[in-house]
């Protein structure tokens, strides 16, 4: 038998690098397992940066967040069938060099994707404290801030899942919440908008002017955009603390609000959408076509996508305001929608999620839910849908296949927030609690 030899000892480094550049990540990993010298050759940021670029992992590099992410304590959480914890065992007192940064990112990101795909997660103890239904919450990756029908706001540490502050002072339901830096902005049923310091819980500023519940808040640059039951959209400057615009066209309550740059879109119970210029306060387009309330909307510089209780989603041109496509197929009202450059996804009370092209063609109907599909989230890797009957479903939307089903919440949920590693939900049926799941 011919004894193997280390070709890297005989070839110029440049030629060895050229050979290794033909390898994919799996091949290079196997190559590194052969011997110490080959392991060191393959432990190069140059190679692993290329693999990260191919998998669209580059955005993890500048912040290193994926390298610093911590798992929940195993002693205080319930664990699904397999632990999601990333445990890379590196021997102590080894002569091997540390794993290069981009390989570490590649390994951790692949592990995270596998956790979502296989449904591996840990669940923190329920966040209990509110005495009535959680009506709104937001998260910045460090804290969760929730509002309730009990007229209070609570601040929770995301790492420990402990309540670190209870904020009172609201005289009605806290109906909307938005975290902005070190402050949280709340909209309330008492028609007031409050700006609160998160660290101290003290009231910093109050915006007054709405004539009813403030149900929607968006922040775009230094602008705060609010809307609610008084049928108006209002634009406030957070720096000067002044009301800049009052936008009036809707003839009924506003049900959804979205912002993009210097523009906003509002959808209403009057069955219409309005594209607003936030600088001038002008109505750019008044989009008429739906036959029922507009429940959800999202837009960018090219298109507006809306979903309605009439069962249709519509794609509108931001340039002309004309309806470009009607997405018909749902058998009941559309509750939620999301889109990216690849697909549009809509969720309905007909228990389905439907995927569409941006030209209005139905790609797939995803049938896994029982009851209303109330929440959707999409990123470059997956689509997550949530709704009634204890069901959150993770989809590979590029293939139209179910990856995993999660059951760690009450029979209904109406609010959902998702990051790369966390999934947080609140249910209208489980009084005063939030559920935090970690896929890391």
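Residue numbers (full-length UniProt numbering): 1 to 440. Just so you know, even glycine gets a beta-carbon here, dropped at the ideal spot from N, CA and C. Bear in mind the structure is a predicted one, so any value in this text is a computation, not a measurement.
query	result
Identify the continuous beta strand (DSSP E) that holds residue 55 and give its terminal residues.	Residue 55 -> no beta strand (DSSP E), and no H or E assigned at all.
Are residue 255 and residue 269 touching if we call contact CB-CB under 7 angstroms?	yes
Just confirm the distance between the C-beta atoms of residue 43 and residue 32, as a whole number of angstroms; I'd bet it's less than 8 angstroms.	7 angstroms
Would you tell me roughly how many angstroms separate the C-alpha atoms of residue 394 and residue 381, rounded to the nearest one?	10 angstroms
Three or more beta-carbon pairs under 8 angstroms between the segment 325-334 and the segment 294-314, yes or no?	yes
So, under 8 angstroms CB-CB, residue 337 and residue 307 are touching, yes? Tell me the CB distance rounded to an integer number of Å.	4 angstroms
For residue 2, which residues of its own chain have a beta-carbon under 7 angstroms away from its beta-carbon, when the five flanking residues on both sides are left out?	The predicted model places residue 2 with a pLDDT of 47, which falls under 50 and marks its position as unreliable; any figure quoted below should be read in that light. Contacts found: none.
DSSP three-state label for residue 242, please.	strand
Hey, how far is the Cα of residue 7 from the Cα of residue 26?	20 angstroms
Within its chain, find whatever has a CB closer than 7 angstroms to the CB of residue 75; leave out the 5 residues flanking it on each side and keep chain order.	Bear in mind that the predicted position of residue 75 carries a pLDDT of just 48, short of 50, making it unreliable; the figure below should be weighed with that in mind. The answer is none, since no qualifying residue turns up.
Which of the three DSSP states, helix, strand or coil, is assigned to residue 138?	strand
How far does the beta strand (DSSP E) with residue 206 in it extend, from its first residue to its last?	203-207
How far does the beta strand (DSSP E) with residue 260 in it reach, from first residue to last?	254-260
What is the rounded straight-line gap between the Cα of residue 245 and the Cα of residue 301?	21 angstroms
Taking 7 angstroms as the cut-off, decide whether the C-beta atoms of residue 204 and residue 197 are in contact.	yes
Please check the pair residue 185 and residue 224, which I expect to be a contact at CB under 8 angstroms, by giving their CB distance rounded to whole angstroms.	6 angstroms
Going by C-alpha to C-alpha distance, which of 295, 235, 387 and 101 sits closest to residue 252?	295
Three or more beta-carbon pairs under 8 angstroms between the segment 317-327 and the segment 351-364, yes or no?	yes
Leaving out the 5 sequence neighbours to the left and right, which residues in its chain are closer than 7 angstroms to residue 421 when beta-carbon positions are compared?	69, 112, 438, 439 and 440
For residue 424 and residue 376, I'd like the C-alpha separation in whole angstroms.	13 angstroms
Please work out which residues of its chain come closer than 7 angstroms, Cβ to Cβ, to residue 229, disregarding the five sequence neighbours upstream and downstream, and give them in chain order.	212, 213, 215 and 253
Kindly provide the ranges of any beta strand (DSSP E) runs that are 3 or more residues long and lie completely inside the UniProt repeat "WD" (327-356), ordered along the chain.	334-339, 344-348 and 352-356
Taking buried to mean at least 16 other C-beta atoms within 10 Å of its own C-beta, is residue 141 buried or exposed?	exposed
Please list, in chain order, all residues of the same chain as residue 51 whose beta carbon is under 7 angstroms from its beta carbon, the five residues on each side excluded.	25 and 106
Given this structure, state the Cα-to-Cα distance separating residue 48 from residue 84, to the nearest angstrom.	23 angstroms
Using a Cβ-Cβ cutoff of less than 7 angstroms, which residues in the same chain neighbour residue 320 once the five nearest sequence positions on both sides are dropped?	none
Pop quiz: residue 406 and residue 392 are said to be a contact at Cβ under 8 angstroms. What is the actual Cβ separation, rounded to whole angstroms?	4 angstroms
Looking only at its chain, what residues have a beta carbon closer than 7 angstroms to the beta carbon of residue 365, apart from the 5 residues adjacent to it on each side?	352 and 354
Per DSSP, residue 293 is paired with what?	In the DSSP output, where bridge partners are listed per residue, residue 293 has none listed.
Taking only three categories from DSSP, how would you classify residue 29?	helix
Pull up the CB-CB distance for residue 146 and residue 133, whole angstroms please, since I reckon it's below 8 angstroms.	Incorrect: roughly 10 angstroms between the Cβ atoms, too far for contact.
For residue 315 and residue 277, I'd like the C-alpha separation in whole angstroms.	19 angstroms
Tell me the residue span of the beta strand (DSSP E) that contains residue 228.	223-228
Quickly, what does DSSP pair residue 162 with across the bridge? List them, please.	157
CB-CB under 7 angstroms to residue 13, same chain, minus the five flanking residues each way: which ones, in chain order?	none
Looking at the strands, I want to know which residues DSSP matches up with residue 315.	305 and 325
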